[in-house]
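Protein chains: 6
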Amino acid sequence: MTATEPKISRFPVPDLADMPDDVRARILAVQEKSGFIPNVFLVLAHRPDEFRAFFAYHDALMEKPSGLSKAEREMIVVATSNLNQCQYCVVAHGAILRIRAKNPLIADQVAVNYRKADLTPRQKAMLDFAVKVSQAAHLVGDDDLDALKAHGFTEEDAWDIAGVAAFFALSNRMANVTGMRPNDEFYKLGRG
Amino acid sequence: MTATEPKISRFPVPDLADMPDDVRARILAVQEKSGFIPNVFLVLAHRPDEFRAFFAYHDALMEKPSGLSKAEREMIVVATSNLNQCQYCVVAHGAILRIRAKNPLIADQVAVNYRKADLTPRQKAMLDFAVKVSQAAHLVGDDDLDALKAHGFTEEDAWDIAGVAAFFALSNRMANVTGMRPNDEFYKLGRG
Amino acid sequence: MTATEPKISRFPVPDLADMPDDVRARILAVQEKSGFIPNVFLVLAHRPDEFRAFFAYHDALMEKPSGLSKAEREMIVVATSNLNQCQYCVVAHGAILRIRAKNPLIADQVAVNYRKADLTPRQKAMLDFAVKVSQAAHLVGDDDLDALKAHGFTEEDAWDIAGVAAFFALSNRMANVTGMRPNDEFYKLGRG
Amino acid sequence: MTATEPKISRFPVPDLADMPDDVRARILAVQEKSGFIPNVFLVLAHRPDEFRAFFAYHDALMEKPSGLSKAEREMIVVATSNLNQCQYCVVAHGAILRIRAKNPLIADQVAVNYRKADLTPRQKAMLDFAVKVSQAAHLVGDDDLDALKAHGFTEEDAWDIAGVAAFFALSNRMANVTGMRPNDEFYKLGRG
Amino acid sequence: MTATEPKISRFPVPDLADMPDDVRARILAVQEKSGFIPNVFLVLAHRPDEFRAFFAYHDALMEKPSGLSKAEREMIVVATSNLNQCQYCVVAHGAILRIRAKNPLIADQVAVNYRKADLTPRQKAMLDFAVKVSQAAHLVGDDDLDALKAHGFTEEDAWDIAGVAAFFALSNRMANVTGMRPNDEFYKLGRG
Amino acid sequence: MTATEPKISRFPVPDLADMPDDVRARILAVQEKSGFIPNVFLVLAHRPDEFRAFFAYHDALMEKPSGLSKAEREMIVVATSNLNQCQYCVVAHGAILRIRAKNPLIADQVAVNYRKADLTPRQKAMLDFAVKVSQAAHLVGDDDLDALKAHGFTEEDAWDIAGVAAFFALSNRMANVTGMRPNDEFYKLGRG
Chain A
0 MTATEPKISR FPVPDLADMP DDVRARILAV QEKSGFIPNV FLVLAHRPDE
50 FRAFFAYHDA LMEKPSGLSK AEREMIVVAT SNLNQCQYCV VAHGAILRIR
100 AKNPLIADQV AVNYRKADLT PRQKAMLDFA VKVSQAAHLV GDDDLDALKA
150 HGFTEEDAWD IAGVAAFFAL SNRMANVTGM RPNDEFYKLG RG
Chain B
0 MTATEPKISR FPVPDLADMP DDVRARILAV QEKSGFIPNV FLVLAHRPDE
50 FRAFFAYHDA LMEKPSGLSK AEREMIVVAT SNLNQCQYCV VAHGAILRIR
100 AKNPLIADQV AVNYRKADLT PRQKAMLDFA VKVSQAAHLV GDDDLDALKA
150 HGFTEEDAWD IAGVAAFFAL SNRMANVTGM RPNDEFYKLG RG
Chain C
0 MTATEPKISR FPVPDLADMP DDVRARILAV QEKSGFIPNV FLVLAHRPDE
50 FRAFFAYHDA LMEKPSGLSK AEREMIVVAT SNLNQCQYCV VAHGAILRIR
100 AKNPLIADQV AVNYRKADLT PRQKAMLDFA VKVSQAAHLV GDDDLDALKA
150 HGFTEEDAWD IAGVAAFFAL SNRMANVTGM RPNDEFYKLG RG
Chain D
0 MTATEPKISR FPVPDLADMP DDVRARILAV QEKSGFIPNV FLVLAHRPDE
50 FRAFFAYHDA LMEKPSGLSK AEREMIVVAT SNLNQCQYCV VAHGAILRIR
100 AKNPLIADQV AVNYRKADLT PRQKAMLDFA VKVSQAAHLV GDDDLDALKA
150 HGFTEEDAWD IAGVAAFFAL SNRMANVTGM RPNDEFYKLG RG
Chain E
0 MTATEPKISR FPVPDLADMP DDVRARILAV QEKSGFIPNV FLVLAHRPDE
50 FRAFFAYHDA LMEKPSGLSK AEREMIVVAT SNLNQCQYCV VAHGAILRIR
100 AKNPLIADQV AVNYRKADLT PRQKAMLDFA VKVSQAAHLV GDDDLDALKA
150 HGFTEEDAWD IAGVAAFFAL SNRMANVTGM RPNDEFYKLG RG
Chain F
0 MTATEPKISR FPVPDLADMP DDVRARILAV QEKSGFIPNV FLVLAHRPDE
50 FRAFFAYHDA LMEKPSGLSK AEREMIVVAT SNLNQCQYCV VAHGAILRIR
100 AKNPLIADQV AVNYRKADLT PRQKAMLDFA VKVSQAAHLV GDDDLDALKA
150 HGFTEEDAWD IAGVAAFFAL SNRMANVTGM RPNDEFYKLG RG
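Protein chains in written order, with numbering that gives the first Met the number 0: chain A, 0 to 191; chain B, 0 to 191; chain C, 0 to 191; chain D, 0 to 191; chain E, 0 to 191; chain F, 0 to 191.
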């Protein structure tokens with residue numbers, strides 16, 4: 000990184016060469032697939048053990064088969080992250096949402112106010128629950144799960160929604176505390 | 000508008016042909032300049048007198064000479080509108096901000112968390128004040144104006160910041176109540 | 000203004016003689032009708048273009064024929080302005096409400112807690128909606144309009160309620176930022 | 000009370016004849032002094048033991064010698080009660096404040112936003128503390144007491160401020176739950 | 000008190016010998032019954048008149064016959080006091096709740112989140128209402144009383160719930176302002 | 000589990016025999032060390048991949064060498080979890096905190112209001128930051144890190160505090176959504 004590049008973290012960012020092999024390997028694989036290294040990988044590599052757990056958790060929720068499509072899971076990330084004012088998560092996962100949903104408008108709509116977005120009633124019910132988990136999980140009760148079931152969600156889907164909202168409650172906080180900077184590449188991705 | 004186009008308002012939207020001449024003339028002028036009619040014009044045309052006052056107020060704040068650049072005024076719109084979860088204002092004024100600042104990244108940065116955006120300390124102080132006016136104007140005191148002065152803002156600049164934040168407090172509420180839909184064109188504008 | 004009179008604004012207040020003719024004419028007309036010049040006119044005259052737009056907007060909402068009586072529109076102003084802790088608007092529009100409703104008690108009741116005021120269920124439903132527009136417009140949905148319709152309000156009435164609540168969202172913020180002082184005359188008006 | 004008089008409580012209100020002697024005696028004494036019976040006495044008389052404790056507590060704070068004038072203690076009541084949206088307390092104690100301060104404007108100013116009221120800096124510091132006790136007492140620390148001392152308040156004054164704010168935290172809640180109605184007489188008292 | 004004992008109040012604490020006889024007598028009676036003097040007695044004895052009114056009010060609510068068991072009344076104290084972050088009240092009344100309910104787990108459950116506690120639906124409805132009185136009494140309406148009645152609570156029970164929640168709104172604030180320290184004895188009481 | 004035992008989760012809880020070997024092995028190791036199986040292990044075992052990532056993350060923060068003692072890290076858990084009304088985390092980590100700090104009082108003090116707890120100023124500064132990360136991470140700035148440094152915390156310590164607060168933001172939400180029940184054993188542990 001040259002002196003004129005913007006900082007991507009308030010904390011030290013390791014060089015690829017200094018990272019543990021598995022951490023570097025994961026990062027190089029992402030770079031090969033995406034064409035650039037999303038800064039979350041570099042910023043969290045400062046703590047290899049947390050890095051490993053973070054991405055293992057991420058993959059367990061975001062990559063696995065689910066009653067929620069991958070695009071729907073990204074909707075949860077985008078809606079809850081904007082309420083938490085997490086720049087990195089809204090910008091980076093907004094890009095992923097546009098790509099996964101093949102819809103150049105959806106990310107900005109969902110970020111600002113999902114109630115007015117081009118979503119199905121089922122998807123809005125999903126986000127109602129996700130936002131409740133993110134903002135007031137202590138109020139979650141059986142009636143919330145019943146409301147999801149009325150839209151065809153299973154018990155496992157409910158866990159998935161909660162899991163994504165909860166994981167990004169963590170992620171949003173780490174991104175805000177580290178001052179994690181979204182890569183410039185994300186802003187334009189998937190805008191068609 | 001064909002039956003399959005998405006609704007742009009919860010309320011009736013007049014045809015151009017049925018609008019008062021001055022309202023239609025303003026709309027056609029915007030269309031000629033922008034290449035499309037931003038929906039705020041069509042939605043508010045339902046009420047011509049409010050339409051005229053709304054845009055007169057808008058222009059009095061956003062078009063006049065000021066110690067704030069036009070881009071800076073758009074920053075105020077974008078930052079306060081996202082806190083109010085106003086989809087139309089964030090998407091439409093985000094586009095204008097990108098164009099006026101000639102910066103494809105700035106709108107998303109400012110919308111989600113201006114504290115982490117690529118702004119000068121002076122611009123962050125401007126937005127600190129704007130957000131206070133938008134969210135807790137009852138707490139504004141002389142010390143807030145002193146803080147602005149320490150960044151080189153004049154008394155007139157302080158009024159301008161407050162005026163923009165206050166006007167969009169109105170605008171955000173009307174957009175949210177009418178369910179005003181951002182035009183598809185806005186999402187991609189100014190992304191370079 | 001003599002040195003001992005209390006300040007009515009944090010910002011400069013123009014002399015009548017220095018105002019544009021139309022601004023001065025409007026102010027003199029109000030003075031003739033009311034017997035005094037409400038300070039909002041003097042404070043906003045610092046910015047003639049904003050002054051013109053402000054009062055045009057005000058009149059478009061507050062003076063026009065509507066399914067809401069003029070007293071009901073003032074109830075919206077008083078209830079939402081107290082939640083925004085806007086001294087000028089509560090005191091000045093409280094006086095107007097007492098006069099228009101010919102009820103010396105109603106303004107204080109509505110200001111502090113309209114749920115306990117001497118109002119009809121229809122008026123309380125109106126204020127439920129107005130307060131939601133004022134405090135959480137991003138949550139407004141079709142069900143809110145349905146609730147109004149159940150009380151006999153039309154779609155146009157719903158716009159009127161929202162318009163008044165939104166306009167005073169602006170007005171409250173400007174009054175709080177300018178430190179606009181209610182005229183002494185307002186406090187006693189309409190107390191019977 | 001005739002059938003057409005408005006309800007003063009959601010709960011049963013005893014007749015004077017049915018009250019314990021000491022409760023009735025206190026009420027008659029107030030009536031003789033004030034010319035009417037403030038409804039708080041009638042509403043709380045439903046529970047004689049609570050009535051006795053309530054007014055003993057009230058008098059211990061509001062009637063005793065203090066570094067705070069009686070008008071200043073009423074300012075605390077009015078400012079905190081409006082934030083709690085307690086109609087009875089704002090209207091009734093607003094009247095008492097006007098009388099004790101011999102100022103027809105002060106109650107409405109303090110109720111809506113004491114920061115803009117015609118008060119001394121010392122009185123505003125008093126209300127800053129009172130509002131903190133009322134709204135966020137868990138955050139009170141030694142620095143709050145130091146801030147009071149810088150304005151000349153003693154430790155005993157600090158207790159008095161806190162005591163009044165705390166007692167009306169109770170009183171506001173009982174008035175809101177019982178739906179306690181302010182007597183019509185209060186609205187006009189002390190308006191000069 | 001020796002120099003090394005922790006402070007129990009930010010304010011002066013009188014010696015037993017210097018207290019009025021009735022105050023000292025009440026304290027000695029409590030000490031005889033409990034084996035120690037709960038600090039609330041010592042801290043509030045700084046103000047004998049307030050002390051007397053405080054405990055008279057307390058007893059009028061907490062000791063009298065009621066449709067609520069004594070344990071249920073303590074549940075209200077514990078649930079609302081934790082939301083107010085009042086250390087003294089949660090710790091001291093948590094102990095009393097454990098003893099009265101003969102349940103070593105119940106106090107911690109109710110303090111943190113009564114919705115997940117081992118309670119009956121009726122008790123949860125009681126706490127829903129108590130928390131509303133404590134946090135948002137201005138919103139209480141007839142529907143809240145109807146909800147209580149659906150669980151078998153009478154009108155008098157509703158007053159009792161509100162009374163306890165309101166009294167501890169006062170108590171929590173005084174404990175937080177005085178920095179009232181819970182006695183070490185409370186932590187272990189009733190843990191079986 | 001017999002029919003009369005209380006539910007520990009809203010979701011299915013696997014039998015030990017049906018768990019993957021590594022998950023079961025971890026659980027048996029905990030059981031051997033603690034004498035019982037904390038319910039968080041059983042509840043999360045419903046999702047083995049998330050289970051593995053959760054405990055890897057937990058250990059990376061809570062078990063590693065740090066400028067924060069293990070007791071201090073538990074203070075962060077307890078203080079932030081009570082604000083999130085997470086019964087499981089307050090009860091379970093309260094027990095661990097008592098044990099690690101060898102202090103039977105500290106957990107309840109920290110849970111309800113750490114500002115009044117028997118802590119050093121450095122520990123209170125740690126919790127000020129942790130609570131900000133938990134409740135308003137979007138506001139974290141360089142000044143927060145400077146405040147920590149003034150108390151002798153390093154940059155790495157700041158990450159540790161943030162990491163624990165962020166991880167339990169996730170954990171609190173999962174515990175609240177699953178209705179995770181604290182084991183009865185926790186309530187009494189470490190009470191001396």
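Even for Gly, the Cβ is constructed at its ideal location relative to N, Cα and C. Only a predicted model underlies this, so the values are computations on that prediction, with no experimental measurement involved.
Under the three-state reduction of DSSP, E:Thr119 is assigned to coil, being neither helix nor strand.
Along the length of the stretch 90-173 of chain B, whole beta strand (DSSP E) runs at least 3 residues long do not occur. Note on E:Leu169: 16 or more other CB atoms within 10 angstroms of its CB, so buried under the neighbour-count rule.
Contacts between D:Ala164 and chain E, judged by CB atoms closer than 9 Å, involve Arg172, Val176 in chain order. Between the C-alpha atoms of B:Arg99 and A:Glu31 there is a straight-line separation of about 35 Å. Between the alpha carbons of E:Pro120 and E:His150 lies a distance of about 8 Å. Residues of chain F whose Cβ lies closer than 8 Å to the Cβ of A:Glu49 are, in chain order, Tyr56, Ala59, Leu60, Gly162.
Between C:Met179 and C:Ile7, the C-beta gap is smaller than 8 Å, which places the two residues in contact.
In the assembly as shown, D:Ser68 is an exposed residue. Its beta-carbon has fewer than 16 other beta-carbons within 10 Å. When only Cα atoms are considered, C:Val130 and C:Gly93 end up about 17 Å apart. The beta carbon of D:Lys115 sits closer than 8 Å to the beta carbons of Gln108 from its chain, once the five residues preceding and following it are set aside; these are given in chain order. The residue from E:Met61, E:Val77, E:Glu71, E:Tyr87 with its alpha-carbon nearest to that of E:Val42 is E:Tyr87. At a C-beta separation below 9 Å, A:Glu154 has these neighbours in chain F: Arg9, Phe10, Pro11. A check of alpha carbon separations from C:Pro181 across C:Met74, C:Val90, C:Phe152, C:Arg46 identifies C:Val90 as the nearest.
With a contact defined as Cβ atoms closer than 8 Å, C:Leu60 and C:Asp159 qualify at about 7 Å. A direct Cα-Cα distance of roughly 54 Å separates E:Ile75 from B:Asp48.
C:Val132 and C:Ala164 do touch by the CB rule: their CB atoms are close to 4 Å apart, below 8 Å. Residue range 47-61 is occupied by the alpha helix (DSSP H) that includes E:Asp58. Residues of the stretch 102-115 of chain F whose Cβ lies closer than 8 Å to any Cβ of chain E, in chain order: Pro103, Leu104, Asp107, Gln108, Ala110, Val111, Asn112, Lys115. Annotation for B:Asp14: no residue places its beta carbon closer than 6 Å to its own, counting only its chain and skipping 5 residues before and after.
When D:His137, D:Cys85, D:Arg72 are compared, the shortest CA-CA separation from D:Leu126 is found for D:Arg72. Inter-residue distance for B:Cys85 and B:Ala146 is about 28 Å (C-alpha atoms, whole angstroms). At least one CB of chain B lies nearer than 8 Å to the CB of C:Val139. Per the coordinates, the alpha-carbon of F:Gly191 lies some 8 Å from the alpha-carbon of F:Asn102. With respect to the 8 Å criterion, D:Ala78 and D:Ala110 are classified as neighbours on the basis of their beta carbons. For F:Arg25, the enclosing alpha helix (DSSP H) has its first and last residue at 20-33. Out of C:Ala44, C:Gly189, C:Lys187, C:Ser65, the CA that lies nearest to the CA of C:Ala161 is found in C:Ser65.
Contact note: C:Gln122 does not reach chain D at a C-beta cutoff of 7 Å; the least C-beta distance is about 16 Å.
With fewer than 16 other beta carbons inside 10 angstroms of its own, C:Ala28 counts as exposed. Within chain E, no C-beta atom comes nearer than 8 Å to that of D:Arg72; the closest sits roughly 14 Å away. Nearest C-alpha to A:Tyr113 among C:Lys63, C:Ile95, C:Val139, C:Asn112: C:Val139. Interface annotation, B:Gln86: in contact with chain A, CB-CB separation under 8 Å.
For the set E:Arg9, E:Arg51, E:Pro11, E:Phe10, the Cα lying nearest the Cα of E:Ala24 is the one of E:Arg51.
One finds Ala52, Ala55, Tyr56, Ala59 in chain E with Cβ atoms closer than 7 Å to the Cβ of D:Ala52, taken in chain order. Residue D:Arg46 holds the alpha-carbon nearest to the alpha-carbon of E:Asp58 among D:Ile95, D:Lys63, D:Asp141, D:Arg46.
Taking a Cβ-Cβ cut-off of 9 Å, the neighbours of F:Ala168 in chain A comprise Ala165, Ala168, Leu169, Asn171, Arg172, given in sequence order.
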